[in-house]
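Since the structure comes first, as structure tokens, the remarks are kept for the end.
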Amino acid sequence: MKKILLACNAGMSTSLLVSRMEKAAKEKGLEVIITAVGVLEAEKILNEWDIVLLGPQVRHQIKSLKGKANGIPVEIIDMRDYGLMNGEKVLESALRIIENK
């Protein structure tokens, strides 16, 4: 089971994206855990996840989070996919990154 953590300012704007990612995973028969939190919370728990995806609005936090990640991939969600709330594409991207790490 893959664990995907999404982080934004307060975890609110990514909640809809989480729902859409979970729906896409269910349709594909994938078992994943996907959660959204604020960046400050993500800093505390990022090493418990397989990947951390940052909302575009907190892209400036990537260097700090990567420095604390102990090899866990930390990436920025594609701005277009984020704006369209394209859960399927974000899920596919996250899983591809996890498999290639």
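Per this note's numbering, residue 1277 is the first one in the sequence shown, and the count goes up by one each step.
The beta carbon of each residue, even a glycine, is placed where N, CA and C say it ideally should be.
Quiz item: In chain order, which beta strand (DSSP E) runs of at least 3 residues are fully inside the stretch 1286–1367?
Solution: 1308–1314, 1327–1330, 1350–1352
Looking at the unbroken beta strand (DSSP E) that takes in K1278, where does it start and where does it end?
1278–1284
If you draw a straight line from the C-alpha of Q1333 to the C-alpha of G1305, how long is it? 31 Å
Check: Does the beta-carbon of L1322 have 16 or more other beta-carbons within 10 angstroms, so that it is buried, or is it exposed?
Finding: buried
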